[in-house]
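So the sequences go chain by chain: A and B.
Going by this note's numbering, the first residue of the first sequence is number 12, and it counts up by one from there.
Going by this note's numbering, the first residue of the second sequence is number 21, and it counts up by one from there.
Think of the CB as a built atom: it goes at the ideal place given N, C-alpha and C, for glycine as much as any other residue.
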Amino acid sequence: MTRAFVTGMRVQITQMLRSSFDLIAMLIWPIIYASIAYYLLDAKETPHELLAASIGSAVMIMWAQVVIGSSGTLDLMRQAGTLELMVAAPVPFVTVLAPIMVSTSAFGLYGLVVTLVWGRVGFGIPLAIVHPLAFAIAIPACVIAIAALGLIVASTFVLYRAAFSLGIAMQYPVWLASGLLVPLSALPGWLGPVSWFLAPTWGFRAIERAAVGGDAWPSIAVCALASVAYVSVAVVFLRVFEHLARQRASLKLA
Amino acid sequence: MAAIEVSELARTYRVGKKLRRDGAKRDVQALRGVSFDVPAGQLFGLLGPNGAGKTTTIKILTTLLLPTAGTARVLGLDPARQHRELRRRIGYVFGGDKGLYERISALENLRYFADVYRVPRELKARRIDELLEVVGLKGRERERVETYSRGMRQRLHIARGLLHDPEVLFLDEPTIGLDPVGARELRETVAALQASGKTILLTTHYMLEADELCERVAVINHGQIVAEGTPAELKRRATGKSVIEIEAFGVDELVVERLRALEGVDAVSVEHVDQAQLVAIQSQHGPALIPALLAALGPITVGRVVAREPSLEDAYVELVST
């Protein structure tokens, strides 16, 4: 299973790098998102807020990469006929899906770097990280937690043929409910508890607190716990959805 | 023990527009009680026209679909319930140019499939090397699959399906879309696999292929097995009949119906050859029927007219025409 996971990561990354469309989108997105965040916030006098905004936009990119990248990949697999072969493989399907999630989420790392560099070059935001160790741990914790949440969403893509549309539709609700687009304090109170169940909320808090100051460790711990919980739920969902897909004959496009 | 046992297998698909106001959905019966056995080591052909139920049967046997009724056993395991154990022991290859990762090389494809099909690490490189040799892709393995011809993809499919050395191999129309040379090479590969002791279930609608490769065949039509036996036995079903082949220009469905309605005509099939159509009429009356056939063709230009003995294809046409 480990070999299948590692090879799956390599295949996924190679495929993404060999698609000029994916590559261009991946290169441009972070710059656009970061620019929007800087101009929307308009907080030139408070650099730490701009740094937090750039981290927020990087986490948005991570989530977007996971849902759009994974749904696009599954759509492609369905059209290319590889989805059926992978479902028919002896390894559990989660072993095929997890590398797709982790590699798409990891591309969000590039987004984080570009956002920070673009903020420094384009807007003069200082790159002063208050807790470097916590920052270094918070990033992979956030990547893994977002990938694991994406795994739950992706399990439904196995069942539905309109995976890509579903992926696009999943972007904004999670951005909103995680407080990445608008501060949670500005949203209805009932969204607060919803945000507790979403990895981007804790991933953002962990990276932001490590960068601008504050205790990042509780958020990192929640990321780790949430990852385990998400993967457990996804494994169960995948079993159920695979059974339904075999019942409904939805693994193939035609 | 038979390697594959199928008994009264049925599968119904529910199709329809979900967004229609009347919510109209209808059930389509793809399989209606299919039964057959394949002994270990045999190459068994499942023949039938498009939509007859061949692929549905294969998908149930390869664990990708659940049947709505009936039972199946592959290597003694139930594909519906024991799918995890069964997947290690079977291989599935389908025709056409799908089923591969396009943007990576053949070698990268095989390495990835070897890992997800649990080929032991120490065997992986050797197995891939051997299979590339068997399917004739040695030397081209580092090229991206998107640059491959259809024939090369198909051969790569075979290699992929054999990576984990399956005991039973399911080949779903493996030569579809291949040029004659590619199809012949693939048939040679399949024959070699059968000679090595693999149990193979092959679906095809190319009779020449079935006649050349299969020890036994079953003909499926409208989701039911309509005949089963050796190719020779099926040919004998058409014994006592003659086939009259008429080369004609401009034969449409109305003309075909007119020919079918003639007394003494058992079956009619039409094959398009360049600008012409080759109309094959099966009848017990032999050449004596030719004047009536020509009269039924009316003003249509007729080329060559030949009477010959029936082939497996003629037996098949008769079976699926009824």
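Extent of the continuous beta strand (DSSP E) run through Thr209 of chain B
Residue numbering aside, residue 209 of chain B sits at position 189 when the second sequence is read from its first letter. Counting along the chain, Thr209 of chain B falls outside any beta strand (DSSP E), though it belongs to the alpha helix (DSSP H) covering 200–215.
If you scan the region 185–217 of chain A from start to end, which runs of the alpha helix (DSSP H) of 4 or more residues do you find wholly inside it?
Taken in chain order, the whole alpha helix (DSSP H) runs of length 4 or more contained in the region 185–217 of chain A are 202–207.
Runs of alpha helix (DSSP H) lying entirely within the region 67–137 of chain B, each at least 4 residues, in chain order:
DSSP runs (the alpha helix (DSSP H)) wholly in the region 67–137 of chain B: 74–81, 103–107, 126–136.
At least one CB of chain A closer than 8 angstroms to the CB of Leu151 of chain B: is that the case?
Taking the second sequence and counting its residues from 1, the one referred to as residue 151 of chain B is at position 131. Output row for Leu151 of chain B: interface = no.
Contact residues within the region 168–194 of chain B, judged by C-beta distance below 7 angstroms to chain A
Cβ contacts with chain A: none found.
So which residues on chain B does Pro199 of chain A lean against when the C-beta distance must stay under 9 angstroms?
The count along the first sequence starts at 1 and reaches residue 199 of chain A at position 188. Those do not exist, as Pro199 of chain A stays about 31 angstroms from chain B at its closest Cβ, beyond 9 angstroms.
Compute the distance between the beta-carbons of Gly114 of chain A and Ile35 of chain A, then report whether it is under 8 angstroms.
Here residue 114 of chain A corresponds to residue number 103 of the first sequence, with the count starting at 1. Here residue 35 of chain A corresponds to residue number 24 of the first sequence, with the count starting at 1. In the sequence on display, residue 114 of chain A carries Ser and not Gly. Against a cut-off of 8 angstroms, the Cβ pair of Ile35 of chain A and Ser114 of chain A comes out as no contact.
Near-chain A residues of the region 113–142 of chain B - C-beta to any C-beta below 8 angstroms
Across the region 113–142 of chain B, CB contacts with chain A closer than 8 angstroms involve Phe114, Gly116, Lys118, Gly119, Leu120, Tyr121, Glu122, Arg123, Ile124, Glu128, Arg131, Tyr132, Phe133, Asp135, Val136, Tyr137, Arg138, Arg141, in sequence order along the chain.
Hey, does Arg108 of chain B have any beta-carbon neighbour from chain A nearer than 8 angstroms?
As a working mapping, residue 108 of chain B is identified with position 88 in the second sequence. Chain A contact via Cβ: present.
Beta carbons nearer than 7 angstroms to chain A: which residues of the region 71–98 of chain B have them?
Residues passing the 7 angstroms Cβ filter: Thr82, Thr83, Leu84, Leu85, Leu86.
Below 7 angstroms on C-beta distance, what does Glu95 of chain A contact in chain B?
Numbered from its first residue, the first sequence carries residue 95 of chain A at position 84. Leu84, listed in chain order.
Note the first and the last residue of the continuous alpha helix (DSSP H) segment covering His254 of chain A.
Residue numbering aside, residue 254 of chain A sits at position 243 when the first sequence is read from its first letter. That run of the alpha helix (DSSP H) goes 228–259.
How about Thr18 of chain A: is its C-beta nearer than 8 angstroms to some C-beta of chain B?
Within the first sequence, numbered from 1, the residue matching residue 18 of chain A stands at position 7. Yes - at least one Cβ of chain B is within 8 angstroms of the one on Thr18 of chain A.
Are there 16 or more other CB atoms within 10 angstroms of the CB of Arg216 of chain A, so buried, or fewer, so exposed?
As a first step, residue 216 of chain A must be located in the first sequence, where it is residue number 205. Arg216 of chain A comes out buried.
Length-filtered (3 minimum) beta strand (DSSP E) runs lying within the region 87–135 of chain A:
At a cut-off of 3 residues, not a single continuous stretch assigned as beta strand (DSSP E) sits fully inside the region 87–135 of chain A.
Quick one: list the residues of chain B neighbouring Gln258 of chain A, beta-carbon separation under 7 angstroms, in chain order.
Numbered from its first residue, the first sequence carries residue 258 of chain A at position 247. Those within 7 angstroms of Gln258 of chain A in chain B are Leu86.
Let me make sure I understand the geometry here. Which of B:Glu187, B:Arg328, B:Leu206 has the alpha-carbon closest to that of Gly306 of chain B?
Counting from one through the second sequence, the residue named residue 306 of chain B turns up at place 286. Checked all of B:Glu187, B:Arg328, B:Leu206; the closest Cα to Gly306 of chain B is B:Arg328.
State the start and end residues of the unbroken alpha helix (DSSP H) segment that holds Val275 of chain B.
What you label residue 275 of chain B is simply residue 255 of the second sequence in a count that begins at 1. First-last of the alpha helix (DSSP H) with Val275 of chain B: 273–280.
Taking 8 angstroms as the threshold, find out whether the region 84–91 of chain A comes into contact with the region 121–134 of chain A through three or more Cβ pairs.
The region 84–91 of chain A vs the region 121–134 of chain A: no contact.
Use the C-beta contact count for Arg31 of chain B: other C-beta atoms within 10 angstroms, 16 or more gives buried, fewer gives exposed.
For the purposes of this step, residue 31 of chain B is taken as residue 11 along the second sequence, with counting starting at 1. Around the CB of Arg31 of chain B, 16 or more other CB atoms lie within 10 Å, so the residue is classed as buried.
Which partner residues does Leu176 of chain B have in the DSSP bridge list?
Here residue 176 of chain B corresponds to residue number 156 of the second sequence, with the count starting at 1. Answer is none; Leu176 of chain B lacks a bridge partner.
Could you work out which residues of chain A lie near Tyr33 of chain B, taking near to mean beta carbons separated by less than 7 angstroms?
Taking the first residue of the second sequence as 1, we reach residue 33 of chain B at position 13. What Tyr33 of chain B touches in chain A: Ala260.
Tell me whether the region 190–199 of chain B and the region 129–146 of chain B touch, counting them as touching only if at least three CB pairs, one residue from each stretch, are closer than 8 angstroms.
In this structure the region 190–199 of chain B does not touch the region 129–146 of chain B; the number of beta carbon pairs closer than 8 angstroms is below three.
Taking the alpha helix (DSSP H) that Val155 of chain B belongs to, which residues open and close that run?
Counted from its first residue, the second sequence places residue 155 of chain B at position 135. Segment: none, Val155 of chain B is in no alpha helix (DSSP H) and carries neither H nor E.
Is Leu80 of chain A helix, strand or coil by DSSP?
Counted from its first residue, the first sequence places residue 80 of chain A at position 69. Sequence inspection shows Gly at residue 80 of chain A; the Leu mentioned does not correspond to that position. Assigned with DSSP and collapsed to three states, Gly80 of chain A falls in helix.
At a Cβ cut of 7 angstroms, what residues of the region 160–186 of chain A count as close to chain B, listed as they run along the chain?
Going along the region 160–186 of chain A in chain order, one finds no residue with a Cβ nearer than 7 angstroms to chain B.
Based on Cα-Cα distance, which residue from A:Met20, A:Leu249, A:Gly92 lies nearest to Ile111 of chain A?
Mapped onto the first sequence, residue 111 of chain A falls at position 100. By alpha-carbon distance to Ile111 of chain A, the top candidate from A:Met20, A:Leu249, A:Gly92 is A:Met20.
Check whether the Cβ atoms of Ile66 of chain A and Ala152 of chain A lie closer than 8 angstroms to each other.
Counting from one through the first sequence, the residue named residue 66 of chain A turns up at place 55. Counting from one through the first sequence, the residue named residue 152 of chain A turns up at place 141. No, Cβ-Cβ distance for Ile66 of chain A and Ala152 of chain A is not below 8 angstroms.
Starting from the C-beta of Ser262 of chain B, find all residues in its chain whose C-beta is less than 8 angstroms away, skip the five residues before and the five after it, and write them out in chain order.
Taking the second sequence and counting its residues from 1, the one referred to as residue 262 of chain B is at position 242. Sequence-distant Cβ neighbours of Ser262 of chain B in its own chain, meaning closer than 8 angstroms and more than five residues away, are Gln302, Ser303, Gln304, His305, Gly306, Pro307, Ala327, Arg328, Glu329, Pro330.
Under 8 angstroms, Cβ to Cβ, is there at least one residue of chain B near Arg14 of chain A?
If you number the first sequence from 1, residue 14 of chain A lands on position 3. Closer than 8 angstroms to some Cβ of chain B, the Cβ of Arg14 of chain A qualifies, so yes.
Using the rule of at least 16 other Cβ atoms within 10 Å of the residue's Cβ for burial, across every protein chain shown, is Arg34 of chain B buried or exposed?
To locate residue 34 of chain B, count along the second sequence from 1; it is residue 14. Its Cβ having fewer than 16 others within 10 Å, Arg34 of chain B is exposed.
Below 8 angstroms, can you find three or more Cβ-Cβ pairs linking the region 59–69 of chain B to the region 161–175 of chain B?
They do not touch, by the three-pair rule.
Exposed or buried, what is Tyr44 of chain A when buried is set at 16 or more other beta-carbons lying within 10 Å of its beta-carbon?
The residue given as residue 44 of chain A occupies position 33 in the first sequence. Buried, because 16 or more other Cβ atoms sit within 10 Å of the Cβ of Tyr44 of chain A.
Residues of chain B with a CB under 8 angstroms from the CB of Gln26 of chain A: which are they?
In the first sequence, counting from the first residue as 1, residue 26 of chain A sits at position 15. Those within 8 angstroms of Gln26 of chain A in chain B are Tyr121, Arg123, Ile124.
Under 7 angstroms between beta-carbons, which chain B residues line up against Arg29 of chain A? List them in chain order, please.
Counting from one through the first sequence, the residue named residue 29 of chain A turns up at place 18. Neighbours of Arg29 of chain A in chain B, taken as residues at a C-beta separation under 7 angstroms, are given in chain order as Arg123.
With a cut-off of 8 angstroms, does the C-beta of Gly83 of chain A fall near any C-beta of chain B?
Position 72 of the first sequence holds residue 83 of chain A. Not one chain B Cβ lies under 8 angstroms of Gly83 of chain A.
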